[in-house]
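Have a look at the structure below before the remarks.
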Amino acid sequence: MTASDAVTDALRELHARFAGMRGGERADYIPELTRADPDDFGLALVSMDGHCYSAGEADVPFTMQSVSKPFVYALALSSLGLDEVGRWVGAEPSGEAFNAISLEPRTGRPANAMVNAGAIVTTALVPGTPDLPAFDRILICLSRFAGRRLDVDEEVYVSEAATGDRNRALAYLIRSTGTLDVDPVAAVDTYFRQCSVRVTAVDLAVMAATLAHGGVNPITSESVVSPAVAAQVLAVMATCGMYNASGDWLLRVGLPAKSGVSGGLIAAGPARFGLATYSPLLDPAGTSVRGHAALGALSERLGLHLMRNPALPGSTVTLATTADVLPSAPASRQERALHERVGIVAAQGALDFTAAERVLYAMDESGPEQTGSVVLDLREVTGADSVALTLLHAGLARLAEDGRRAAVVDPGNRLGPPDLVRERTGQDLPRYSTREEAVERCAQALADPG
Ligand code: DON
Numbered sequence: 373m374t375a376s377d378a379v380t381d382a383l384r385e386l387h388a389r390f391a392g393m394r395g396g397e398r399a400d401y402i403p404e405l406t407r408a409d410p411d412d413f414g415l416a417l418v419s420m421d422g423h424c425y426s427a428g429e430a431d432v433p434f435t436m437q438s439v440s441k442p443f444v445y446a447l448a449l450s451s452l453g454l455d456e457v458g459r460w461v462g463a464e465p466s467g468e469a470f471n472a473i474s475l476e477p478r479t480g481r482p483a484n485a486m487v488n489a490g491a492i493v494t495t496a497l498v499p500g501t502p503d504l505p506a507f508d509r510i511l512i513c514l515s516r517f518a519g520r521r522l523d524v525d526e527e528v529y530v531s532e533a534a535t536g537d538r539n540r541a542l543a544y545l546i547r548s549t550g551t552l553d554v555d556p557v558a559a560v561d562t563y564f565r566q567c568s569v570r571v572t573a574v575d576l577a578v579m580a581a582t583l584a585h586g587g588v589n590p591i592t593s594e595s596v597v598s599p600a601v602a603a604q605v606l607a608v609m610a611t612c613g614m615y616n617a618s619g620d621w622l623l624r625v626g627l628p629a630k631s632g633v634s635g636g637l638i639a640a641g642p643a644r645f646g647l648a649t650y651s652p653l654l655d656p657a658g659t660s661v662r663g664h665a666a667l668g669a670l671s672e673r674l675g676l677h678l679m680r681n682p683a684l685p686g687s688t689v690t691l692a693t694t695a696d697v698l699p700s701a702p703a704s705r706q707e708r709a710l711h712e713r714v715g716i717v718a719a720q721g722a723l724d725f726t727a728a729e730r731v732l733y734a735m736d737e738s739g740p741e742q743t744g745s746v747v748l749d750l751r752e753v754t755g756a757d758s759v760a761l762t763l764l765h766a767g768l769a770r771l772a773e774d775g776r777r778a779a780v781v782d783p784g785n786r787l788g789p790p791d792l793v794r795e796r797t798g799q800d801l802p803r804y805s806t807r808e809e810a811v812e813r814c815a816q817a818l819a820d821p822g
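Going left to right, the sequence shown walks through residues 373 to 822 as our numbering numbers them.
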């Protein structure tokens, strides 16, 4: 979006607020990174609908560095599964710097896939074939996450390869413990290449949004990794993504995140958004100073902390009453008495476990003394996940066992295929297109139970 909108305004405001922040240094142990412009500062946010917002230098290219680690971890998990990957690399915060020469005492595994030792192992786990070498596979995967073809900054790659003895030392140490059954030089070379993949802040926001969106790129709609893998990666980002500053980051900013020494920083709000910043001046933990400040302020301002309840209370059930109070209720006292015994529960939006529990509770409570019938109106429901469906089916089955009749207003078939509903609820549940029709049938059945 270029015209002013509220989200772009929020990003521009952060840009203006933190652009003048002067702390931090460019990483110099990879000499090429010292060429970065210290004034560059870009921010980008991508929503689950693929809307992209940005401010500042959001299109300036830089190398991914450690921001590549969660995405290559995702590739290894997709290729081998969590159990196999977990044999070689742990999932515990190390409490140490990203480049610590340190392995788990008993197993010899690196602590997690976010520190260099773990990332070298993760990269080495990515299978390669003569037709598709491991690095090509990695580049294809990173490009799918970004939704465009990425490339390597050869100067940065050469610069890191020339000065990367600490990482080589780590790879040899890992092999000496028996956990890495590959050539340490080759493994580190692939790792250096992956760190040198060129992106922009907008690319990184799309990549983070893909993790937040259950592995589906919200711009291209391509399924890059499974929802399970996306969740596993976000979990490790939340606990380990910011190295020895991970606890404080989760406490204050409250989002799974990953930093990189070229100045990139991503954060993901599961099922909500992907965020990225770029600014090359780093704090001692290797995190962009302006990026940290901006994401912290944005989280505070927009209430993005993961541990804050994202659901608005009461937003699922829009009506819980009895049919006699509806405008369509009949005038005669006799008929009204029947309508009094027809409970109405209407729901809206997307139904997950939390929302389904609200619906079921409202259904249980509907109707005087919980007798009579219940009309469940699902017309405003936009979707239901498998957990919500299982719960709703079980709740409808229980109502029938209790001798209460249920009717569902469900022209959009939100409750699932009739065969499945019959199997799970043990009945041919009547489904109607209008609420009036469903209420009328329930009232008639109460009048004539035979
Ligand atoms: O391995 C390295 O040292 C770099 N290629 C990446 C380190 C990094 O980005 C640490 N994160 N803040």
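Each residue gets a CB set at the ideal place from its N, CA and C atoms; glycine is no exception. Computed from a predicted structure; not experimentally measured.
Rounded to whole angstroms, what is the Cα-Cα separation between Tyr650 and Gly635? Position 278 of the sequence shown, counted from the first residue, corresponds to residue 650. Position 263 of the sequence shown, counted from the first residue, corresponds to residue 635. Roughly 5 Å between the two C-alpha positions.
Could you name the residues that DSSP lists as bridge partners for Asp523? The sequence position of residue 523 within the sequence shown is 151, counting from 1. Secondary-structure assignment with DSSP links Asp523 through a beta bridge to Arg570.
Beta-carbon proximity list for Ala769, same chain, < 6 Å, skipping 5 on both sides: Reading the sequence shown from its first residue, position 397 is the one you call residue 769. Only Thr797 and Gly798 meet the Cβ criterion.
For Pro502, count neighbouring Cβ atoms within 10 angstroms of its own Cβ and tell me buried if that reaches 16, exposed if not. In the sequence shown, the residue the question calls residue 502 occupies position 130. By the neighbour-count rule (16 or more Cβ atoms within 10 Å), Pro502 is not buried but exposed.
To the nearest angstrom, report how far apart Val793 and Arg786 are at their CA atoms. To locate residue 793, count along the sequence shown from 1; it is residue 421. To locate residue 786, count along the sequence shown from 1; it is residue 414. About 11 Å.
Report yes if the CB atom of Glu429 is closer than 8 Å to the CB atom of Gly414, and no otherwise. Walking along the sequence shown from the start, residue 429 turns up at place 57. Walking along the sequence shown from the start, residue 414 turns up at place 42. Yes, Cβ-Cβ distance for Glu429 and Gly414 is below 8 Å.
My parser needs the beta strand (DSSP E) runs of 3 or more residues fully inside the stretch 407-435; what are they? List check, beta strand (DSSP E) in window: 414-419 and 424-428.
Nearest residue (CA-CA) to Leu761, options Pro789, Thr743 and Ser745: Numbered from its first residue, the sequence shown carries residue 761 at position 389. Looking at the Cα atoms, Pro789 is the closest of the given residues.
Quick check on this structure: which residue in Val493, Leu545, Ala819 and Val608 has the alpha carbon closest to the alpha carbon of Val714? Locating residue 714 in the sequence shown gives position 342, where the first residue counts as 1. The shortest Cα separation from Val714 among Val493, Leu545, Ala819 and Val608 belongs to Ala819.
Helix, strand or coil: how does DSSP classify Leu750 here? Along the sequence shown, one-based indexing puts residue 750 at 378. Leu750: strand per DSSP, three-state reduction.
Of all the options Thr406, Leu750, Asp791 and Ala603, which has the alpha carbon lying nearest to the alpha carbon of Ala779? Taking the first residue of the sequence shown as position 1, residue 779 is located at position 407. When only C-alpha atoms are compared, the closest one is Leu750.
Alpha carbon to alpha carbon, how far is Tyr445 from Thr743? The residue you call residue 445 lines up with position 73 of the sequence shown. The residue you call residue 743 lines up with position 371 of the sequence shown. Roughly 54 Å separates the two Cα atoms.
Cα separation between Met373 and Ser426? The count along the sequence shown starts at 1 and reaches residue 373 at position 1. The count along the sequence shown starts at 1 and reaches residue 426 at position 54. Low confidence applies to Met373: its pLDDT is 44, below 50, so where it sits in the model is not reliable enough to give any reading.
I'd like to confirm the pairing. Which residues does DSSP put opposite Arg803 in its beta bridges? Position 431 of the sequence shown, counting from 1, holds the residue named residue 803. Partner(s): Val780.
With Val837 as the anchor, note down where its beta strand (DSSP E) starts and where it stops. Residue numbering for the chain in the displayed model covers 373 to 822; residue 837 lies beyond these limits and cannot be assessed.
Between the CA atoms of Val625 and Arg542 - distance to the nearest angstrom: As a working mapping, residue 542 is identified with position 170 in the sequence shown. As a working mapping, residue 625 is identified with position 253 in the sequence shown. The sequence shown places Leu at residue 542, not Arg. For Leu542 and Val625, the distance between alpha carbons rounds to 31 Å.
Find the nearest neighbour of Ala616 within the set Pro656, Gly586 and Arg777, judged by alpha-carbon distance. To locate residue 616, count along the sequence shown from 1; it is residue 244. Before going further, note that residue 616 is Asn rather than Ala in the sequence given. With distances taken between Cα atoms, Asn616 lies closest to Pro656.
Could you check if Asn488 belongs to the surroundings of ligand 1, using beta carbon to heavy atom distance under 7 Å? Within the sequence shown, the letter at position 116 stands for residue 488. Yes, Cβ of Asn488 sits closer than 7 Å to a heavy atom of ligand 1.
Tell me which residues share the same chain as Gly480 and place their Cβ nearer than 6 Å to its Cβ, disregarding the 5 neighbours each side in the sequence. For the purposes of this step, residue 480 is taken as the residue at position 108 of the sequence shown. Cβ neighbours of Gly480 beyond the five flanking positions: Thr549 and Thr551.
Could you pull the DSSP bridge partners for Ser660 from this structure? Taking the first residue of the sequence shown as position 1, residue 660 is located at position 288. In DSSP, Ser660 forms a bridge with Leu654.
Less than 7 Å between the CB of Val633 and some heavy atom of ligand 1, yes or no? Here residue 633 refers to the residue found at position 261 of the sequence shown. Indeed, a heavy atom of ligand 1 lies less than 7 Å from the Cβ.
I want to see whether chain D comes within less than 8 Å of Leu710, judged by CB atoms only; does it? The structure shown contains no chain D; it is built from a single protein chain.
Is the beta carbon of Asn471 within less than 7 Å of some heavy atom of ligand 1? Taking the sequence shown and counting its residues from 1, one reaches residue 471 at position 99. At least one heavy atom of ligand 1 is nearer than 7 Å to the Cβ of Asn471, so yes.
Between the beta-carbon of Val560 and the beta-carbon of Gly587, is there less than 8 Å? Stepping through the sequence shown from its first residue, residue 560 is reached at position 188. Stepping through the sequence shown from its first residue, residue 587 is reached at position 215. Against a cut-off of 8 Å, the Cβ pair of Gly587 and Val560 comes out as no contact.
Using only CA atoms, which one of Phe725, Lys630, Ala718 and Thr726 lies nearest to Val336? With the chain covering 373 to 822 only, the question about residue 336 has no answer from this structure.
Measuring CA to CA, which of Arg565, Leu522 and Ala665 is closest to Ala534? Start at 1 with the first residue of the sequence shown, and residue 534 comes out as number 162. Taking only the C-alpha atoms, the option nearest Ala534 is Arg565.
Euclidean distance between Cα positions of Arg662 and Tyr401: For the purposes of this step, residue 662 is taken as residue 290 along the sequence shown, with counting starting at 1. For the purposes of this step, residue 401 is taken as residue 29 along the sequence shown, with counting starting at 1. Arg662 and Tyr401: Cα-Cα distance of roughly 20 Å.
Alpha carbon to alpha carbon, how far is Pro628 from Val596? The residue given as residue 628 occupies position 256 in the sequence shown. The residue given as residue 596 occupies position 224 in the sequence shown. Roughly 19 Å between the two C-alpha positions.
Cβ-Cβ separation, Asp412 to Val432 (assumed contact under 8 Å), whole Å: Residue mapping note: residue 432 aligns to position 60 of the sequence shown, counting from 1. Residue mapping note: residue 412 aligns to position 40 of the sequence shown, counting from 1. Val432 to Asp412, Cβ: 5 Å. Contact.
Is the Cβ-Cβ distance between Leu647 and Ala577 less than 8 Å? Looking up residue 647 in the sequence shown gives position 275. Looking up residue 577 in the sequence shown gives position 205. Their beta carbons are under 8 Å apart, which means Leu647 touches Ala577 by this criterion.
If you draw a straight line from the C-alpha of Ala709 to the C-alpha of Val418, how long is it? On the sequence shown, position 337 is the one that residue 709 refers to. On the sequence shown, position 46 is the one that residue 418 refers to. Going from the Cα of Ala709 to the Cα of Val418 covers about 53 Å.
Is the beta carbon of Gly658 within less than 7 Å of some heavy atom of ligand 1? Here residue 658 refers to the residue found at position 286 when the sequence shown is read from its first residue. Answer for Gly658: yes, Cβ within range of ligand 1.
Per DSSP, which residues does Gly788 bridge with? Please list them. If you number the sequence shown from 1, residue 788 lands on position 416. DSSP, once it has assigned bridges, lists no residue as partnering Gly788.
Residue from Glu476, Glu468 and Glu729 with nearest C-alpha to Gly458: As a position in the sequence shown, residue 458 is number 86, starting the count at 1. Among Glu476, Glu468 and Glu729, the Cα nearest to that of Gly458 is on Glu476.
Ignore the nearest five residues each way along the sequence and tell me which others in Pro802's own chain have a CB closer than 6 Å to its CB. Residue numbering aside, residue 802 sits at position 430 when the sequence shown is read from its first letter. Apart from sequence neighbours up to five positions away, the residues of its chain that approach Pro802 with a beta-carbon distance below 6 Å are Ala779, ordered along the chain.
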